[in-house]
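Working notes, beginning with the structure itself.
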Amino acid sequence: MTRLPIELVETRRVQLPTRTDFRWNGLERPLGEVLVVRVSSGEHEGFGESVPLPDWGGAFGSPYGETVSIDQIVIHEQLAPFVLGRDAMAIGEVLASARRGIIGYPYALAALDIALHDLVGRAAGVPVHMLLGGRARRTIPLAHMIGLMPEEQALEEASRCLEEGCRAFQVKTGPDANRDVSLVGRLRDLCGDSVVLRVDANCGYGPPKRALDIVRALGDAGANFVEQPVGGREELAMVTRHSALPIMADEDCWTPHDAVRLVADGVADIISVYVAKSGGIAGASTVTRVAAAAGLPHDLNGSLETGIGNAASLQVAAASQAELLASVLPVSAPTSSGSTAAFGRYFTDDVITSPMKLVDGSLEVPDDPGLGFEVDRGKLDHYTVERRESRLGSGGEAEASGE
Ligand SMILES: [Mg+2]
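Be aware that the sequence shown starts at 198, since it is given in the numbering used here, and climbs by one per residue.
So, in structure tokens, the structure goes:
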């Protein structure tokens, strides 16, 4: 088997233009800034990405709090020295070595993990989902995120997405429960019975007894399930135990270990899986396996990545053996590619060369090698704010530089 010694780890702070300002409960800054990682070995290369969020995580100050700048330091000072020179074909060994460099920092690890899977998939000539056991589905159903915005604007956004084939919405809520119940009722009237309305309070409805009242009202108004009405595992379990409406865990389920404890303690009925929360494709796949073994459905969400990180989510979702729910992922597409105008469009441009294919409200999973999409190097350079790299030196040691 070909060896793929890792010779380069490059990081970029990239800023994509957003279509409009998207907010959720607790998100204090505009989206669009992402971390892109490139690894290379000889003529082969792979890309990875994550969207570190400093102001999003679990209850009571855990986890995690990262930024792109923090993760560039983590990758070049703590991860690259443990990765350079190692054989990428042994992804498991490389990732175990990387984890010895630093505890935590799942966003930094995820971007590196995705790049390694892309590199190995491309070198082996197979899509990443084949590295994960093979495809269980060809398409990934999408939910469109309706951010915190005035009711009339939310209804207008939903109308535009319905016209473009959207069959599921994630409605961001939290700061004003009365407004939330009213909006869900109006959205149900607009959408009809067959469209999924999932509500995400981002931990905004605590304490648990108050949350139970609000969840009941949201169910009566037409919500199908509610995501993280409160923060904290015990608090969430309390709501789940007493709610007729299904409850989804997001902020309180990051790692495979979290997922095992969630199942054991009956914390939630549904898991929201992200590639980044569990430190990459390997960890996220394990979470989907826990869900499958426990008979729990899951989605495959992200934090609005570019086409690179989005492709990683598609690959993990494609290989999951569990029931997959409509997921909040972008319809990644370069400007003027004839893609959607509102549904799944959070950015006005992207760094992949061709648009993702939307069919009947679902994204097609590509069968091309690696993540399945090509990166437009000119675009990537255009949107890069800062670039750093670590190379394998002639003596086998890591050498860092930046611009
Ligand atoms: Mg959420």
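All C-beta atoms, glycine included, are put in the ideal place defined by N, C-alpha and C.
Contact with chain B by residue i, beta-carbon distance below 7 Å
| i | result |
| --- | --- |
| Val472 | Looking for chain B here will not work: only one protein chain is present. |
Whether residue i touches residue j by CB criterion (7 Å)
| i | j | result |
| --- | --- | --- |
| Gly403 | Val368 | no |
| Ala408 | Val436 | yes |
| Pro195 | Leu522 | Outside the displayed range of the chain (198 to 600) lies residue 195, so it cannot be described from this structure. |
| Val237 | Glu204 | It should be noted that the sequence gives Ser, not Val, for residue 237. Cβ atoms of Ser237 and Glu204: closer than 7 Å. |
| Glu432 | Pro405 | yes |
| Ser510 | Leu497 | yes |
| Val582 | Gln212 | yes |
| Phe366 | Leu394 | yes |
| Ala491 | Val460 | yes |
| Phe570 | Gly504 | yes |
| Leu281 | Ala595 | yes |
| Ala508 | His326 | no |
| Val513 | Phe244 | no |
| Gly301 | Gln275 | no |
| Arg438 | Val392 | no |
| Ala434 | Ile411 | no |
| Gly575 | Arg585 | no |
| Pro251 | Gly262 | yes |
Three-state secondary structure (DSSP) of residue i
| i | result |
| --- | --- |
| Ala597 | strand |
| Asn399 | coil |
| Lys369 | strand |
| Glu204 | coil |
| Glu230 | strand |
| Phe540 | coil |
| Asn375 | helix |
| Ala514 | helix |
| Asp564 | coil |
| Leu442 | coil |
| Leu276 | helix |
| Glu246 | strand |
| Tyr261 | strand |
| Thr336 | strand |
| Gly382 | helix |
| Pro531 | coil |
| Ile300 | coil |
| Pro324 | strand |
| Gly429 | coil |
| Thr159 | Past the edges of the chain, shown from 198 to 600, lies residue 159, and the structure says nothing about it. |
| Ser591 | coil |
| Asp557 | coil |
| Glu361 | coil |
| Gly254 | strand |
| Leu493 | coil |
| Asn498 | strand |
| Arg235 | strand |
Assumed close pair residue i, residue j - CB separation to whole angstroms, cut-off 8 Å
| i | j | result |
| --- | --- | --- |
| Val317 | Ala285 | 6 Å |
| Val423 | Ile444 | 6 Å |
| Ser524 | Pro338 | 7 Å |
| Asp315 | Leu568 | 5 Å |
| Ala307 | Arg235 | Not confirmed; about 15 Å, so no contact. |
| Val548 | Leu577 | 5 Å |
| Ala481 | Leu292 | About 13 Å; that fails the 8 Å criterion. |
| Thr550 | Thr532 | Between Thr532 and Thr550 the Cβ distance is about 12 Å, and since that is not below 8 Å, they are no contact. |
| Ala277 | Ser587 | 4 Å |
| Arg210 | Val265 | 5 Å |
| Gly401 | Asn222 | 4 Å |
| Ala441 | Gly416 | 7 Å |
| Val231 | Val248 | 5 Å |
| Ala256 | Gly429 | 4 Å |
Cβ-heavy atom distance, residue i to ligand 2, below 6 Å
| i | result |
| --- | --- |
| Glu432 | Ligands present in the displayed structure are limited to ligand 1, and ligand 2 is not among them. |
6 Å CB neighbourhood of residue i in its chain, flanking five on each side removed
| i | result |
| --- | --- |
| Ala305 | Asp268, Val271 and Ile272 |
| Asp377 | Thr370 |
| Thr452 | Ser475 |
| Ala488 | Ile468, His495 and Ala519 |
| Val233 | Arg209, Val211 and Glu246 |
| Glu354 | Ile343 |
| Lys554 | Glu561 |
| Arg332 | His326 and Ala515 |
| Glu348 | Leu380 |
| Val396 | Val368, Thr370, Leu415, Ala420 and Val423 |
Own chain, CB closer than 8 Å to residue i, minus 5 neighbours either side, in chain order
| i | result |
| --- | --- |
| Arg542 | Arg216, Pro527, Val528, Ala530 and Ser536 |
| Ser559 | Thr336, Ile337, Pro338 and Leu339 |
| Pro372 | Asn222, Leu345 and Gly401 |
| Leu387 | Leu352, Ala355, Ser356 and Leu359 |
Residues near residue i by beta carbon distance below 7 Å, same chain, minus five either side
| i | result |
| --- | --- |
| Ala351 | Ile343 and Leu380 |
| Cys358 | His341, Ala539 and Phe540 |
| Pro566 | Gly318, Arg319, Gly322, Val323 and Pro324 |
| Arg557 | According to the sequence displayed, residue 557 carries Asp and not Arg. Once the five neighbours on either side are set aside, the close Cβ partners of Asp557 are Gly362. |
| Tyr615 | With the chain represented from 198 up to 600, any question about residue 615 goes unanswered, as that position is not in the structure. |
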